[in-house]
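Heads up, the sequence shown is in the numbering used here, so the first residue is 126 and it goes up one at a time. Heads up: the structure comes next, in structure tokens.
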Amino acid sequence: MVRIGLFLGFLLVPILEIWILIRVGSVIGGWETVALLIADSILGAWLVRREGRRAWAALRTAIESGRMPDRELTDGALIVAGGALLLAPGFLTDVFGFFMILPFTRPIARRWLSWFLGRRVRSLAARSPYAPLFERTAGFDEGAGFGGAGGFGGPAGANRGRVVHGEVIDDD
């Protein structure tokens, strides 16, 4: 499924980009469209540099404090991916690139990435020979993402293993 999505993405995105460039060029003019793309690239490069520095500083702070830097690493990956999208000429990829880079839209992109990767890990784990180790009772809640305190399944220690019902008998 992912392969088909990537194939269609690599096929359709350039066609959409060309179509949007032609439409924008017919409305504002060819040179203005080129100038807008150049300005877009300059703004994107400045923003990637600024947000990359902030993410690097946050990563260093998290590591120095002894905390797991999952959010900072995700932000860094989103900034790199957004910068790569800004390298591609066109307005559609620039919109997605800015969405991944801007500090007020990055949390939304982080949640989407967490949801996608969590879904992907669950589907791969379900098809593996070790599927019984990755059952829902082992911490793979549907709404939980990667960012919880206990990793995949929410709070630390929650839903870790099978529940065995029993009775406690005190011999005293």
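For each residue, glycine too, the CB sits at the ideal point set by N, CA and C. What you are looking at is a predicted structure, and each value in this text was computed from that prediction instead of being measured.
Cβ neighbours of Glu-197 within its own chain (closer than 7 Å, five residues either side excluded): Ala-180, Ala-183, Leu-184 and Ala-187.
Within the segment 137 to 220, the complete alpha helix (DSSP H) segments of 4 residues or longer fall at 155 to 189 and 195 to 212, listed in chain order. Restricting attention to Glu-142, Val-246 and Leu-137, the CA atom closest to the CA of Leu-162 is found in Glu-142.
Per DSSP, the continuous alpha helix (DSSP H) segment holding Gly-243 begins and ends at 231 to 252.
The alpha carbon of Ile-204 has as its nearest neighbour, out of Gly-191, Arg-192 and Arg-174, the alpha carbon of Arg-174. A straight line joining the alpha-carbon of Leu-212 with that of Leu-146 spans about 15 Å. Residue burial annotation: Met-225 is buried, with at least 16 other C-beta atoms found within 10 angstroms of its C-beta.
If the five residues before and after Phe-221 are omitted, its C-beta is found closer than 7 Å to the C-beta atoms of Leu-210, all from its own chain and listed in chain order.
Out of Val-293, His-290, Pro-228 and Thr-218, the CA that lies nearest to the CA of Leu-137 is found in Thr-218. Assigned with DSSP and collapsed to three states, Met-126 falls in coil, not helix or strand.
Per DSSP, reduced to three states, the secondary structure at Leu-227 is coil, with no helix or strand assignment.
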